[in-house]
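Protein chains: 2
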Amino acid sequence: MAHGDLIERLIDALRCLPGVGPRTAQRMTWHLLERNRDAGRRLAAVLADAMDRVGHCRECRTLTEQDLCPVCSSPRRDRSRICVVENPADVARIEAGTDFRGVYFVLMGNLSPLDGIGPGDLGLDQLARRLGVGGVAELVLATGATAEGEATAHYLAEMAREHDVTATRIAQGVPLGGDLEFVDSGTLAHAFSGRREIVL
Amino acid sequence: MAHGDLIERLIDALRCLPGVGPRTAQRMTWHLLERNRDAGRRLAAVLADAMDRVGHCRECRTLTEQDLCPVCSSPRRDRSRICVVENPADVARIEAGTDFRGVYFVLMGNLSPLDGIGPGDLGLDQLARRLGVGGVAELVLATGATAEGEATAHYLAEMAREHDVTATRIAQGVPLGGDLEFVDSGTLAHAFSGRREIVL
Numbered sequence: 002m003a004h005g006d007l008i009e010r011l012i013d014a015l016r017c018l019p020g021v022g023p024r025t026a027q028r029m030t031w032h033l034l035e036r037n038r039d040a041g042r043r044l045a046a047v048l049a050d051a052m053d054r055v056g057h058c059r060e061c062r063t064l065t066e067q068d069l070c071p072v073c074s075s076p077r078r079d080r081s082r083i084c085v086v087e088n089p090a091d092v093a094r095i096e097a098g099t100d101f102r103g104v105y106f107v108l109m110g111n112l113s114p115l116d117g118i119g120p121g122d123l124g125l126d127q128l129a130r131r132l133g134v135g136g137v138a139e140l141v142l143a144t145g146a147t148a149e150g151e152a153t154a155h156y157l158a159e160m161a162r163e164h165d166v167t168a169t170r171i172a173q174g175v176p177l178g179g180d181l182e183f184v185d186s187g188t189l190a191h192a193f194s195g196r197r198e199i200v201l
Numbered sequence: 002m003a004h005g006d007l008i009e010r011l012i013d014a015l016r017c018l019p020g021v022g023p024r025t026a027q028r029m030t031w032h033l034l035e036r037n038r039d040a041g042r043r044l045a046a047v048l049a050d051a052m053d054r055v056g057h058c059r060e061c062r063t064l065t066e067q068d069l070c071p072v073c074s075s076p077r078r079d080r081s082r083i084c085v086v087e088n089p090a091d092v093a094r095i096e097a098g099t100d101f102r103g104v105y106f107v108l109m110g111n112l113s114p115l116d117g118i119g120p121g122d123l124g125l126d127q128l129a130r131r132l133g134v135g136g137v138a139e140l141v142l143a144t145g146a147t148a149e150g151e152a153t154a155h156y157l158a159e160m161a162r163e164h165d166v167t168a169t170r171i172a173q174g175v176p177l178g179g180d181l182e183f184v185d186s187g188t189l190a191h192a193f194s195g196r197r198e199i200v201l
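So the protein lines, in turn, are chains A and B. Numbering-wise, the working numbering puts 172 at position 171 of the first sequence, and it's gapless, one number per residue. Numbering-wise, the working numbering puts 85 at position 84 of the second sequence, and it's gapless, one number per residue.
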């Protein structure tokens, strides 16, 4: 072994980061030790802090260090529209890419009976209570276009119907700028059956 | 903004790692917070520890938490052969890939007058003293086959000659398993001029 234990342990610990293998971890270690110890110290501090203090929003379940996340605590959001997403990153994507002004409900996953993930694990009892209280006009289902995402959306649509709430599903189709040549046949079928009349 | 300040600060702090842009940093943050807080806590602890406690080996300048690195403190290494490398990762590579049993000298860089990096910054005065003491038979120059690596090797070869020490340079040529088709012309020229007689 060419270097001490602590360096080996740092290389090892960095591998908990997704996409970081042994070579990348080694490169990161040399980089921090040789060139950027201050940034390494800052990272260590904020990482320890975040691991201990970040929890879930009481209302929408997204990750936040507060009791209520910034969206749920904002007086300017339309609480009659709830957008259901799989994870906090999806919230960030929708906030950045759309003009949606409603609130969110973050599943932190998808229904997956084979993995033992049922409605309770996704907080759907909590969501049902919100729908039951009334005042919700639309439940936007923005889970992914995967088998699990579709199954979850289907379950949620039935739940919305029970509470007389309109459920909508985000559109599937050809991505913007996408040449048909590069679109898979499943997406193309969705885009085709979901075609709309052009109103001139 | 869809999530609290601490999460943003963690995403930001992770970008000090080489090759980590905003999207990767975000993905790492969700992964640690949602799935692996224990690993995140361990990483924070070992990172803080390493940033504070890892220093340089008194003898060879490599990164180590001890006063002397494991190679320099080993009684089984041949101290008459010194292999000069650019960085600690090169030491690990040579230890893993060769049967070299001598010791190392780690430059932590290369001579680069344009960037203001001179012999003093690479500890070459320290290396010269070691050569001056005597007992060194060979200085293996294993800096990279780049312009800076070559210039540094040339400087070191002259230094070795002044102290009557043999300087050797690691071979350049076609990599093992390398088809000539994929070898650049510079490497091919080196491989050609460095050809050896086949002794049957």
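Ideal placement from N, C-alpha and C gives every residue a C-beta, glycine not left out.
Contacts around residue i, its chain only, beta-carbon distance under 7 Å, and the 5 residues preceding and following it disregarded
i: CYS70/B; result: CYS58, CYS61 and THR63
i: ALA3/A; result: Note that ALA3/A scores a pLDDT of 43, beneath 50, so its modelled location is shaky; the value from the coordinates is reported in the next line. Taken in chain order, the list of residues that qualify is empty.
i: LEU15/B; result: VAL21, ALA26, MET29 and THR30
i: ASP157/A; result: Sequence check: residue 157/A is Leu here, not Asp. Counting only Cβ-Cβ distances below 7 Å, and skipping sequence neighbours, we find VAL85, LEU140, LEU142 and ALA168.
i: ALA172/B; result: GLY195
i: GLU198/B; result: none
i: ARG170/B; result: LEU142 and ALA154
Range covered by the beta strand (DSSP E) that runs through residue i
i: PHE106/A; result: 103 to 107
i: ILE83/A; result: 79 to 86
i: ARG170/B; result: 167 to 170
i: GLU60/B; result: Looking at the DSSP string, GLU60/B is not in any beta strand (DSSP E), and its letter there is neither H nor E.
i: LEU181/B; result: That residue, LEU181/B, is in no beta strand (DSSP E); it is neither H nor E in DSSP.
Closer than 7 Å at the beta carbon, the chain A residues around residue i
i: VAL55/B; result: LEU7, ILE8 and LEU34
i: ALA1/B; result: The structure shown does not extend to residue 1/B, since chain B is modelled only from 2 to 201, so the question has no answer here.
i: ARG80/B; result: Neighbours of ARG80/B on chain A: none; closest Cβ ~16 Å, over 7 Å.
i: MET29/B; result: LEU18 and PRO19
Interface partners of residue i on chain A, CB under 8 Å
i: THR25/B; result: GLY20
i: ASP17/B; result: First, the residue type needs correcting, since residue 17/B is Cys and not Asp in the sequence shown. LEU33, ASN37, ALA40, GLY41, ARG43 and LEU44, listed in chain order.
i: ALA172/B; result: Those do not exist, as ALA172/B stays about 22 Å from chain A at its closest Cβ, beyond 8 Å.
Exposure of residue i, with buried meaning 16 or more beta-carbon neighbours within 10 Å
i: PRO89/B; result: buried
i: VAL137/A; result: buried
i: THR65/A; result: buried
i: GLU87/A; result: buried
i: ARG24/A; result: exposed
i: ALA148/A; result: exposed
i: VAL200/B; result: exposed
i: LEU125/B; result: buried
i: THR223/A; result: Nothing about residue 223/A can be reported from this structure: the residues present for chain A run from 2 to 201 only.
i: GLU182/A; result: exposed
i: ARG10/A; result: buried
i: ASP185/A; result: exposed
i: LEU18/A; result: buried
i: ASP91/B; result: buried
i: LEU33/A; result: buried
Cutoff 8 Å; reference residue i; Cβ partners in own chain excluding five residues on either side
i: HIS164/A; result: ALA129, LEU132, GLY133 and VAL137
i: GLY174/B; result: THR188, HIS191, ALA192 and GLY195
i: GLN67/B; result: CYS58 and SER74
i: SER81/B; result: GLY103, GLY136, VAL137, ALA138 and GLU139
i: LEU112/A; result: ILE118, GLY119, PRO120, LEU123, GLU149, ALA152, THR153 and TYR156
Interface residues of chain B facing residue i [CB-CB closer than 8 Å]
i: ARG38/A; result: MET52
i: ARG59/A; result: Those do not exist, as ARG59/A stays about 13 Å from chain B at its closest Cβ, beyond 8 Å.
Where the alpha helix (DSSP H) containing residue i begins and where it ends
i: VAL141/B; result: Run containing VAL141/B: none in the alpha helix (DSSP H); it sits in the beta strand (DSSP E), 139 to 142.
i: ARG19/B; result: Inspection of the sequence shows that residue 19/B is occupied by Pro rather than by Arg. Neither: PRO19/B is in no alpha helix (DSSP H) and is coded neither H nor E.
i: ARG130/A; result: 125 to 134
i: VAL72/A; result: 71 to 74
i: HIS191/B; result: 186 to 194
i: VAL92/A; result: 89 to 98
i: ALA49/A; result: 38 to 54
i: ARG197/B; result: It is not in any alpha helix (DSSP H) - ARG197/B carries neither H nor E in the DSSP assignment.
i: ALA152/A; result: 148 to 163
Same chain, Cβ closer than 6 Å to residue i, five either side skipped, listed in chain order
i: ILE95/B; result: PHE101
i: ASP79/B; result: ARG102 and GLY103
Closer than 9 Å at the beta carbon, the chain A residues around residue i
i: ASN111/B; result: Residues of chain A passing the Cβ test: none, with the nearest at roughly 13 Å.
Interface residues of chain B facing residue i [CB-CB closer than 7 Å]
i: LEU11/A; result: VAL47, LEU48 and ALA51
i: ALA90/A; result: GLN27 and TRP31
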